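Quick notes on the structure that follows.
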Amino acid sequence: MVGRIPVIDVHPLVEGGQLPAKATVGESLPVRATVFREGHDRLGAEVVLTGPDGVRRPPVRMAEIAKGTDRYEARVTPDAEGAWTFEVQSWSDPLATWEHAASVKIAAGVDVDLMFLEGRLLLERIDSAALTAAERAVLDGALDAATDVSRPAEARMAALASEEVVALFLAHPLRDLLTVAGPFPLFADRRRALYGSWYEFFPRSEGAKIDTRTGAVRSGTFATAAKSLQRVADMGFDVLYLPPIHPIGEINRKGPNNTLTPGPGDPGSPWAIGSTHGGHDAIHPDLGTFADFDAFVKKAAKLGIEIALDLALQAAPDHPWVTEHPEFFTTRADGSIAYAENPPKKYQDIYPVNFDNDFEGVVAEVERVIRLWMSHGVRIFRVDNPHTKTVAFWERVLGDIRATDPDVLFLSEAFTRPAMMHALGAVGFHQSYTYFTWRTAKGEIEDYLREVSTSSDHLMRPNFFVNTPDILHAFLQYGGPSAFRIRATLAAMSSPSWGMYAGYELYEHVAVKPGSEEYLDSEKYQIRIRDWEGAAAEGRTLAPYVARLNAIRRAHPALQQLRDLVVHGADDDHTLVFSKGDGAGDTVIVVINLDPHATRETTVHLDLEAAGLPESFAVRDELTGEEWTWGRHDYVRLDPGHQVAHILTVRSA
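This note's numbering runs 2 ahead of the 1-based position in the sequence shown.
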């Protein structure tokens with residue numbers, strides 16, 4: 003039903019307000035609405051938040067985004083974790099209406115006494131008890147101007163139209179014909195849902211050794227992997243994601259490079275979960291015990307690192323579920339259980355879960371598994387291929403977990419169609435992998451940055467991984483070390499959450515075959531022993547550069563935001579420019595040469611108004627320490643062999 007002062011097209015809404023839009027504690031959230039009315043009388047609009055405690059926060063005045071559009075916006079900031087609501091309130095604004103009419107009529111000598119009388123009556127309606135002492139003085143002065151007939155009309159009107167009086171009208175409007183749209187739901191998550199630097203390693207590879215007597219590879223353990231935590235912390239990562247740590251199936255086990263002929267010492271894929279040693283609620287015996295895992299989590303926490311654990315809802319043929327819960331799977335016409343396929347790819351070592359045969363049973367078992375790992379200190383889960391499971395299942399499970407433990411976060415690994423990615427975010431996933439890996443040209447990167455920061459921000463939060471065990475993009479295969487610096491800089495500076503998989507810092511770039519994005523000797527199927535110390539000693543590592551990127555991110559709140567990103571222009575089609583701000587004075591300008599093979603010289607054109615910058619200001623390059631004065635048009639030269647980007651912090655006006 004349309005209100006007296008109509009409010010339509012409210013944003014952010016998810017499914018018309020049936021599901022909560024995404025918010026984060028301390029993050030500025032834009033609320034927009036179209037607000038209009040009949041005739042020429044003025045109106046006002048505000049956003050009112052109500053917190054998880056049921057307390058309404060002070061209203062925030064909305065402003066028209068562009069004059070004449072009737073589209074209004076206000077920025078609001080949740081200050082506590084939990085379920086929030088917001089309302090958009092509109093009203094007839096008699097003070098603004100009078101001020102406009104009086105300034106025109108009194109200047110023309112029309113209805114002068116009547117206009118001052120109407121102004122006095124409106125001023126008397128302002129609740130003086132709600133004013134500060136300074137505001138009461140302004141109100142008293144305005145009343146004097148409205149009633150003092152001994153003063154010239156122009157002087158009286160000038161006093162009533164002063165900045166102080168206008169500010170009083172804005173701060174204490176008379177809300178006639180009040181209309182309320184809402185309440186609409188938001189959910190404010192903890193900061194880690196928005197901001198974090200992720201690193202991925204396989205515990206079985208960390209500290210693994212070759213037996214000099216037999217030549218066999220001895221798996222790393224949680225105890226040996228714990229020694230790698232300092233290396234992860236030194237690079238500035240605050241989330242460590244572990245692929246599945248559960249027992250690996252023996253039946254149909256895969257060998258190196260996804261072959262069907264494993265040797266007796268081949269460890270198999272961690273995603274083929276389950277064996278006689280247990281399932282999703284067990285730890286692979288080669289890695290250690292629950293006590294070892296608890297010690298690993300505890301040491302990580304001391305270094306400021308949260309552990310994220312893989313949640314892969316699938317089973318190896320010898321998983322306990324196969325015999326205990328055959329209803330969890332799909333039985334084919336010949337009586338066999340269907341294994342996973344993504345033609346032409348086949349995963350004979352994995353049985354996908356059927357969510358329709360026993361929905362409640364699967365929900366109960368999965369929640370049991372999640373809560374088990376929660377009890378061992380895991381508060382973040384990276385969910386494998388959630389788009390191959392029903393959305394209704396995730397809405398149920400994530401809702402149940404949120405109801406009791408709203409700090410537990412879920413990252414969606416859904417490289418799929420936008421509708422599914424957005425739906426998964428809408429029903430509760432806190433973050434999502436994205437198409438970032440495949441966006442390498444300037445135009446498509448610009449479009450994608452705008453999309454994730456403004457179009458889909460209420461549905462999903464992006465996590466820009468530069469590589470994964472499954473994805474080695476051609477840009478990295480053929481771009482050399484400069485390509486690795488370019489992609490790390492772009493991900494770390496443009497997205498509040500970014501990530502990389504171990505080996506990236508060593509420039510690992512060889513694919514299993516031309517045209518493939520699979521790594522040669524993929525760690526998914528075999529243990530990788532890397533010489534971290536040797537690479538560091540010889541300078542064959544990107545680790546110091548990654549550490550600098552993460553240090554810059556931690557120092558600048560602007561880089562911890564999603565929504566305040568502005569794309570700027572450059573004459574060169576391989577030079578990307580964007581800025582980020584936090585709304586409180588911190589602004590970072592990033593200029594990146596997207597060509598790993600050639601030096602680029604160009605002129606950068608900044609949209610100063612959009613970025614909230616003056617015509618001239620000082621900047622400091624956080625990578626080199628150099629300082630310059632910048633403005634609307636600026637020359638840059640970036641040699642990828644020396645420096646792939648400028649990361650400029652605005653120092654002063």
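Quick reminder that beta carbons are idealized off the backbone N, C-alpha and C, glycines included. Computed from a predicted structure; not experimentally measured.
Would you say GLU75 and PRO61 are within 7 angstroms of each other, going by their C-beta atoms?
-> no
Collapsed DSSP secondary structure at ILE554 in the structure displayed = helix
Would the beta-carbon of PRO598 fall within 7 angstroms of that of SER484?
-> yes
Would ALA144 be called buried (16 or more neighbouring beta carbons within 10 Å of its own) or exposed?
-> It is buried - the Cβ of ALA144 has at least 16 other Cβ atoms within 10 Å.
Residue of ALA549, ASN387, VAL57 and PHE361 minimising C-alpha distance to TYR435 = When the alpha-carbon of TYR435 is set against those of ALA549, ASN387, VAL57 and PHE361, the nearest one is in ASN387.
Would you kindly work out how many angstroms separate the C-alpha atoms of ARG233 and ILE554, rounded to a whole number?
-> 18 angstroms
Would you say VAL429 and TRP396 are within 7 angstroms of each other, going by their C-beta atoms?
-> yes
Would you identify the three-state DSSP class for ASP236, choosing helix, strand or coil?
-> Three-state DSSP puts ASP236 in a helix.
Cβ distance (whole Å) where ASP320 is taken to contact PRO246 below 8 angstroms | 15 angstroms between Cβ atoms; not a contact.
Cα-Cα separation between ILE531 and GLU252, rounded to whole angstroms = 23 angstroms
Same chain, Cβ closer than 7 angstroms to GLY198, five either side skipped, listed in chain order = ASP240, VAL241 and SER499
According to DSSP, is LYS304 helix, strand or coil?
-> Helix, per DSSP.
Under the three-state DSSP convention, the category ALA160 falls into | helix
Mapping DSSP to helix, strand and coil, what is LEU31?
-> strand
N- and C-terminal bounds of the alpha helix (DSSP H) containing TRP500 | That residue, TRP500, is in no alpha helix (DSSP H); its beta strand (DSSP E) goes 499-503.
Which whole runs of the beta strand (DSSP E) in the stretch 219-270 are 3 residues long or more, in chain order?
-> 241-244
Would you list the residues sitting across from ALA85 in a DSSP beta bridge?
-> PHE189
Enumerate in chain order the residues of its own chain whose CB-to-CB distance from ARG220 is below 8 angstroms, with the five nearest sequence positions on each side excluded.
-> ALA210, LYS211, ILE212 and ASP213
Anticipated Cβ contact below 8 angstroms, ARG59 with LEU51, distance rounded = Sure, about 4 angstroms apart at Cβ, within 8 angstroms.
Per-residue burial, PHE292 [other beta carbons within 10 Å of its own, 16 or more giving buried] | exposed
Relative to the C-alpha of ASP358, which residue among SER338, THR392, TYR527 and ASP336 is closest?
-> THR392
Mind checking HIS635: buried by the 16 CB within 10 Å criterion, or exposed?
-> exposed
Of the choices LEU640, ARG639 and PHE619, whose alpha-carbon is the least far from that of TRP630?
-> PHE619
When LEU119, LEU564 and TRP273 are compared against LEU31, the one with the closest alpha-carbon = LEU564
Considering only the beta carbon of each residue, do ALA493 and VAL468 sit closer than 7 angstroms?
-> yes
For LEU384, the nearest candidate out of ASP296, LEU411 and PRO346 (CA to CA) = Going by the sequence as given, residue 384 is Arg instead of Leu. Ranking the options by Cα distance to ARG384, first place goes to LEU411.
Beta-carbon contacts of HIS644 that lie in its chain and below 7 angstroms, excluding the five residues immediately before and after | Result list for HIS644: empty, nothing under 7 angstroms.
Using DSSP with H/G/I as helix, E/B as strand and the rest coil, what is ILE67?
-> coil
Is PRO420 helix, strand or coil by DSSP?
-> helix
How many Å lie between ALA228 and SER207 at the Cα?
-> The straight-line gap separating the alpha-carbon atoms of ALA228 and SER207 is approximately 12 angstroms.
To the nearest angstrom, report how far apart LEU608 and VAL646 are at their CA atoms.
-> If I take the Cα positions, the gap works out to 19 angstroms.
Three or more C-beta pairs below 8 angstroms linking the stretch 179-187 and the stretch 18-34 | yes
Hey, quick one: how far does the alpha helix (DSSP H) through PHE630 stretch, first residue to last?
-> Looking at the sequence provided, one finds Trp at residue 630 rather than Phe. It is not in any alpha helix (DSSP H) - TRP630 instead sits in the beta strand (DSSP E) that spans 629-633.
Straight-line Cα distance separating HIS432 from VAL568 = 23 angstroms
Anticipated Cβ contact below 8 angstroms, THR589 with VAL652, distance rounded | 4 angstroms
Return the CA-CA distance between PHE361 and ALA235, expressed in angstroms with no decimal places.
-> 41 angstroms
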